[in-house]
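Residue numbers (the numbering used here): 45 to 349.
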Ligand code: RET
């Protein structure tokens with residue numbers, strides 16, 4: 045309970061008296077921090093993602109239909125190619141529907157001479173589903189090229205392992221703090237892994253494919269060169285967009301969309317149509333691939349001989 049004399053005392057304290065001088069003190073300088081920056085998807089990016097989703101679904105349907113008349117023992121290229129576009133459809137659906145992204149925020153300090161520093165956040169939207177897509181589909185694309193070249197299992201496996209390290213370290217780079225060793229250190233590791241992929245597929249593949257004759261060698265050289273040019277564009281785009289933040293998120297989506305269409309549906313169609321006319325590219329897989337395990341363990345007449 046507050047008494048009347050206390051109220052009177054408080055009022056006196058707050059009210060200027062006749063003796064108070066009205067000289068104003070120095071006005072404090074207030075530095076308003078810069079607003080936080082959000083680099084995120086816009087309407088164009090959103091529309092592009094849905095178009096890409098539709099294109100990937102359509103491509104999957106076309107590839108599945110193309111494999112219809114191909115005997116199961118020779119359907120490896122078709123199965124692998126169809127899988128790449130199916131995974132891409134799922135990834136594009138995840139991103140377009142608003143899932144599968146996270147903001148990577150970095151605190152930026154602003155200096156104001158003799159006045160106290162302020163800081164603001166710079167956040168860029170990272171679509172992590174892209175990395176899941178790459179982790180699943182780039183090994184499949186490598187597998188197609190390895191099968192075409194007749195590359196041995198050891199080199200194929202090493203190329204796929206290097207490729208997975210490339211994608212994983214690329215993901216770490218994407219979530220590293222901007223402009224730090226985290227960001228560009230992981231990026232460098234990813235680029236080194238990429239060089240291993242090129243080495244195993246490009247160099248060893250070109251050597252091994254010679255045994256299949258000049259037509260297959262020519263086809264492999266064209267497909268591998270086209271792939272090399274397109275694949276190399278990804279780290280360049282990454283460096284400019286996600287790395288240095290020099291383009292908008294929408295531009296990044298547009299460029300990746302063009303690259304994805306070329307590397308999956310277009311390269312896929314090229315491989316499936318061109319290998320049909322070259323019998324040397326056929327891979328006849330018997331055993332489990334063609335017949336399953338159902339006939340194993342059965343006694344067959346004539347097996348004794
Ligand atoms: C990242 C960032 C870090 C450095 C490197 C990268 C390489 C990515 C590549 C992606 C290829 C994707 C393909 C997709 C097909 O649809 C992860 C961007 C080297 C080579 C072929």
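From the three backbone atoms N, C-alpha and C, an ideal C-beta is built for every residue, glycine too. As the structure is a prediction and not an experimental result, all values here were calculated from the model.
| query | result |
| --- | --- |
| What separation, rounded to the nearest whole angstrom, lies between the Cα atoms of residue 74 and residue 156? | 11 Å |
| Grouping DSSP H, G and I as helix and E and B as strand, with all else coil, what is residue 33? | A query on residue 33 cannot be resolved here, the shown segment of the chain reaching from 45 to 349 and no further. |
| Is the beta carbon of residue 249 sitting closer than 8 Å to the one on residue 195? | yes |
| Within the same chain, show all residues whose beta-carbon is closer than 7 Å to that of residue 133, passing over the 5 residues directly before and after it, in chain order. | 97, 100, 101 and 104 |
| For residue 309, count neighbouring Cβ atoms within 10 angstroms of its own Cβ and tell me buried if that reaches 16, exposed if not. | buried |
| Judging by CA-CA distance, which residue of 244, 151 and 236 is the nearest neighbour of residue 190? | 244 |
| Using only CA atoms, which one of 77, 76 and 83 lies nearest to residue 291? | 83 |
| Are the segment 162-169 and the segment 117-127 touching by the rule of at least three beta carbon pairs closer than 8 Å? | no |
| Take every Cβ of the segment 283-297, pair it with every Cβ of the segment 313-323, and state whether three or more of those distances are shorter than 8 Å. | no |
| Of the choices 228, 326, 296 and 336, whose alpha-carbon is the least far from that of residue 90? | 296 |
| If I'm right that residue 206 touches residue 171 with Cβ under 8 Å, what's the distance once you round it to whole angstroms? | Wrong, their Cβ atoms sit about 23 Å apart, outside the cutoff. |
| Please list, in chain order, all residues of the same chain as residue 227 whose beta carbon is under 7 Å from its beta carbon, the five residues on each side excluded. | 217, 220, 221 and 287 |
| Give the secondary structure of residue 154 by DSSP, where H, G and I count as helix, E and B as strand, and everything else as coil. | strand |
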